[in-house]
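Residues 534 to 728 in our numbering are what the sequence shown lists, from first letter to last.
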Amino acid sequence: TDTLLFILLDLVTSEYYPVSDSVFERIEVLSQEALGLFRERSRQAERSFGVQILKIREKLVTLRQSLSPLREIMGRITRGEFALVQGMNLPRFGDLYDRTIQLVEVVDSHREEMSNIRDILVNVQTINTNNIIRVLTIISAIFLPLTLIAGIYGTNFKPGFIPEATSPYGFYIMIAIMVTVASSLALIFKHRGWI
């Protein structure tokens, strides 16, 4: 019976290796895609990438949950807790126990790699958000003085208090001032490297 148990447990343990290898190959592909996300900023790519990460993590959690009881059983057999296993066969079960521990360590390392890939995705999303906020802030900074000038010229004061309000070219002068202010701000932002 102990030889039959060994054969059965050996077959079960051997079936984990192809699963672990396929997960590892998928993780390698995801790792390359994660590095590619720094170059392309597609929101759709980030969504599908996040879904793929979740699927692989679920597989790893399932794999880890199924390996833990197997490792526990192998450990108990190796320690000689079952009378059905003869002492001369314990070293063979010890080899199986070592393979099971190795599989658990491989799955744990895969989980760490997935955490690293998830961190890369979060960093890409943060960088994209920061770039969007930066552009919106620059646009706001450019249009704020223009709004101020338009607001001042739109107030209802007597014509003598606002420069060029009575001039037929007053509107064009106001537009020229606005273009000058916007261009100056854009040049300052470009010079500082914000644009």
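Idealized CB from N, CA, C, for every residue including glycine.
Original post:
Could you check where the alpha helix (DSSP H) with residue 540 kicks off and where it finishes?
Top reply: Within the sequence shown, numbered from 1, the residue matching residue 540 stands at position 7. Counting along the chain, the alpha helix (DSSP H) containing residue 540 begins and ends at 535–569.
Original post:
Near residue 590, what residues of its chain come up, given a Cβ to Cβ distance below 6 Å and the 5 sequence neighbours on each side ignored?
Top reply: What you label residue 590 is simply residue 57 of the sequence shown in a count that begins at 1. So the list reads 647, once near-sequence residues are dropped.
**OP:** From the DSSP output, in three-state form, read off residue 616 for me.
**Re:** On the sequence shown, residue 616 is found 83 positions in, with the first residue counted as 1. It is coil, neither helix nor strand.
Original post:
Does the segment 623–638 come close enough to the segment 675–682 that 3 or more CB-CB pairs lie under 8 Å?
Top reply: no
Subject >> Close beta carbons around residue 650, own chain, < 8 Å, minus the five adjacent residues each side >> reply: Residue mapping note: residue 650 aligns to position 117 of the sequence shown, counting from 1. For residue 650, where only same-chain residues beyond five positions count, the Cβ hits under 8 Å are 560, 563, 564, 567 and 586.
**OP:** In the DSSP assignment, find the alpha helix (DSSP H) that holds residue 703 and state where it starts and stops.
**Re:** As a working mapping, residue 703 is identified with position 170 in the sequence shown. Looking at the DSSP string, the run of the alpha helix (DSSP H) that includes residue 703 is 703–724.
Original post:
Can we say the segment 613–621 touches the segment 594–601, given the rule of at least three CB pairs closer than 8 Å?
Top reply: no
Subject >> Distance CB(residue 657)-CB(residue 570) smaller than 8 Å >> reply: If you number the sequence shown from 1, residue 657 lands on position 124. If you number the sequence shown from 1, residue 570 lands on position 37. Taking 8 Å as the Cβ cut-off, residue 657 and residue 570 qualify as a contacting pair.
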